[in-house]
Each structure stands twice: as C-alpha cells, then as structure tokens.
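In the working numbering, the protein residues as written are 80 to 412.
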C-alpha cells in the first residue's frame with residue numbers, strides 16, 4: 080500500500096539501530112509496535128523476536144496487522160478467492176451508492192469497481208455469518224480486499240479527496256488477490272485501541288513508537304479503508320464522504336507533548352525507540368527533554384528522500400530515532 084509515513088524504506092536503518100542498543104539476538108524479547116499503521120515494522124520484527132504486540136487505533140490497520148501476525152499456517156483460500164471473484168455484481172450496494180460517480184458523485188473508484196467492492200464485502204460477511212469461514216480467514220479476506228481495492232483507487236495515495244477523472248490504474252478492474260504474509264507459529268497479539276490507554280496494560284522489552292507528527296488525522300486520510308473494513312451503515316458527509324474518525328492528541332500541537340510524556344511515563348518497557356522526523360510538531364530538544372526524565376537518552380538520524388505529491392519532485396527529510404533506555408518507572412514526584 081501507498082501509506083503516508085510508511086517506514087518501509089527505513090527498515091534497514093531501524094533494525095540496525097535497534098540491534099545496536101538491544102543486541103542482535105532478540106529471540107527472547109517482546110517487541111511492541113504501538114502505532115502500527117500499515118504493519119511493515121511489526122511484520123519485519125516478527126521473525127526475530129519472541130512475540131510482537133501490534134496496535135493501532137484505526138480498524139483497517141487492525142485488520143491488516145491481524146493478517147500479518149495471526150496466521151500460523153498457510154490458509155486454504157484458493158477456492159474462496161475464485162468464488163469471490165466470480166460473483167455477479169450487485170447494483171445498489173453501499174460503495175456504489177456513495178463512492179462512485181454514478182451513484183453518489185464521489186469518484187473514489189470506477190462504477191464497476193464500487194460494485195465489485197460491495198459484492199465481495201457482502202459475501203465475506205455472509206460466509207462468516209453462516210460459519211463457512213473462521214475468524215482468521217474472515218480478516219484475511221477483508222485485508223485482501225483492502226489491499227486489492229487500494230490498487231485501483233482513484234486517489235493520489237490517500238483518501239482525503241478523489242481525482243476528477245479516472246486515472247489509468249483506476250480504470251483497471253478490481254481483482255481480489257490474497258494478502259501476502261509469512262506464516263508464523265508464535266503467539267503474537269494485535270490490538271485496536273488508543274495507544275495511551277493500551278500502554279498501561281502491556282509490558283515487554285522493546286517499545287517502538289511511530290505516532291503522527293503533524294495535523295494529519297489518519298482516520299480522515301484513510302476513511303475509505305475503514306469503511307471497507309467495517310462495512311457499517313452510516314451517512315457519508317459532504318463532498319469527500321468521510322465518516323466520523325478518531326482525533327489523535329499527537330496530531331494537535333496543544334496536546335502532543337503531554338500525550339508523549341504520559342505514554343513514556345506509563346511504558347513498562349526497558350528500551351524505547353521513537354521515530355519522528357524533522358517536520359513534526361515537537362523539536363528534537365523538546366523530545367529529548369521529555370525522554371531524558373526517564374533514563375538514558377540518545378539520538379540517531381537518517382536523511383532520506385520522500386515523495387512530494389504536490390510538486391511531483393523528491394526532497395529530503397531527516398528521520399530522528401530517539402532512543403531511551405528507561406530507568407525510572409512510575410510517576411515523577
């Protein structure tokens with residue numbers, strides 16, 4: 080998936096820096112990815128640690144990370160995918176009604192692809208309710224639909240708005256393809272909670288934090304993916320058809336420092352790594368001030384290229400990996 084803030088290109092840097100601090104052998108450690116997003120960090124570390132705890136407040140992320148982490152065997156899915164791809168499309172489903180040009184005047188997908196999304200999503204729900212598929216396959220199929228639909232979306236990588244005319248990829252027919260994952264027999268955990276609440280109820284060795292760093296709300300930017308995942312009944316609002324979404328304290332300048340301090344204070348983890356680039360609300364010195372209250376602080380940086388969609392040019396940004404070896408637990412007096 081094209082995902083804002085994805086750490087895919089930074090995985091080698093992250094893994095190298097984390098290994099320098101905790102050691103190269105993490106096989107007995109619990110790794111927590113508290114703002115998991117598209118799941119690339121959780122998926123990268125699952126093979127080298129004892130257990131991954133993955134969390135994100137957005138439901139589409141929960142679905143994706145369940146598919147990365149909760150499947151311990153190769154799912155027998157070939158016949159299910161053949162069945163779902165061969166269905167005759169329904170004509171008056173939710174996506175066609177609200178997110179096609181002909182139905183709702185919102186061209187997030189072509190008319191036919193909206194019908195295909197409706198058809199497949201309705202059938203996935205029917206299969207689950209009739210006990211034809213188990214819970215793991217249910218979420219795997221939804222994750223597959225999210226990923227397959229994203230490939231033919233008529234957007235510029237996110238869903239704050241749709242394009243006026245159908246782009247080349249959006250004209251292609253949606254074909255449901257299996258979500259790719261590596262089977263793993265470990266007992267990982269996946270949550271769908273507010274990170275600052277969940278942190279009070281979990282513990283481990285390595286805590287990786289990748290919170291929002293500016294005003295962008297991911298529930299707004301990827302509202303369509305949540306709607307595919309939930310497929311619930313609501314009335315889309317205004318031109319963009321957004322649903323109600325979670326407003327993160329990390330996306331507000333007025334609350335971000337208090338939110339981070341509270342999270343670090345509550346964290347029952349020895350090693351904490353915070354990804355935050357040089358364009359965020361908090362400066363390097365502000366983050367250092369917060370983290371240094373709780374133990375030994377250090378910083379590692381990496382300059383990398385990012386894509387700027389508004390100018391169609393590449394520019395550089397600097398990823399700051401803030402590192403804390405936590406020594407103080409409980410509240411500071």
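Glycine is no exception: its CB is placed at the ideal position from the N, C-alpha and C atoms.
Return helix, strand or coil for residue i, following the three-state DSSP convention.
i           : result
residue 261 : coil
residue 170 : coil
residue 365 : helix
residue 112 : strand
residue 241 : coil
residue 137 : coil
residue 328 : helix
residue 306 : helix
residue 196 : helix
residue 376 : strand
residue 356 : strand
residue 283 : strand
residue 188 : coil
residue 247 : coil
residue 225 : helix
residue 106 : coil
residue 316 : strand
residue 164 : helix
residue 412 : Summary for residue 412: the model assigns pLDDT 30, below 50, so the residue's position carries little reliability; its value from the coordinates is reported in the next sentence. It is coil, neither helix nor strand.
residue 394 : strand
residue 347 : strand
Skipping 5 residues on each side, what residues in its chain have a beta carbon closer than 6 Å to that of residue i?
i           : result
residue 270 : 134, 277
residue 347 : 282
residue 123 : 90
Let me check understanding here. Comparing Cα to Cα, which of the options lies closest to residue i?
i           : options            : result
residue 383 : 88, 83, 82, 80     : 88
residue 281 : 291, 268, 308      : 268
residue 374 : 364, 404, 195, 93  : 404
residue 330 : 300, 160, 322, 219 : 300
residue 227 : 211, 213, 207, 164 : 164
residue 287 : 234, 97, 238       : 97
residue 263 : 332, 147, 247      : 147
residue 360 : 317, 248, 294, 259 : 294
residue 203 : 160, 366, 174      : 160
residue 84  : 362, 119, 380      : 119
residue 180 : 102, 272, 249      : 249
residue 406 : 272, 192, 345      : 345
residue 381 : 92, 81, 86, 82     : 92
residue 261 : 208, 367, 218, 149 : 149
residue 195 : 178, 208, 209, 206 : 178
Measure how close the beta-carbons of residue i and residue j come, nearest whole angstrom, since I'm counting them as under 8 Å.
i           : j           : result
residue 232 : residue 319 : In fact, because the Cβ distance is near 13 Å, the residues do not count as touching under 8 Å.
residue 106 : residue 128 : 7 Å
residue 399 : residue 378 : 6 Å
residue 110 : residue 343 : 17 Å between Cβ atoms; not a contact.
residue 401 : residue 350 : Not quite, the Cβ-Cβ distance comes to about 12 Å (not below 8 Å), so this is no contact.
residue 166 : residue 198 : 5 Å
residue 396 : residue 358 : 6 Å
residue 222 : residue 303 : About 15 Å separates the two Cβ atoms, so there is no contact after all.
residue 219 : residue 193 : With a Cβ gap of about 22 Å, residue 219 and residue 193 do not count as contacting.
Between residue i and the rest of its own chain, which residues show a CB-CB distance below 7 Å, the 5 nearest in sequence each way excluded?
i           : result
residue 298 : 137, 305, 324, 325
Excluding five sequence neighbours on each side, which residues of the same chain lie with their C-beta closer than 8 Å to the C-beta of residue i?
i           : result
residue 328 : 275, 334, 335, 337, 338
residue 176 : 182, 183
So does residue i have its beta carbon nearer than 6 Å to some heavy atom of the ligand MG?
i           : result
residue 227 : Ligands in the displayed structure: none, and consequently the ligand MG is not present.
- Message: With three or more beta-carbon pairs closer than 8 Å as the criterion, would you say the stretch 249 to 260 touches the stretch 187 to 196?
- Response: Contact holds: three or more Cβ-Cβ distances are below 8 Å.
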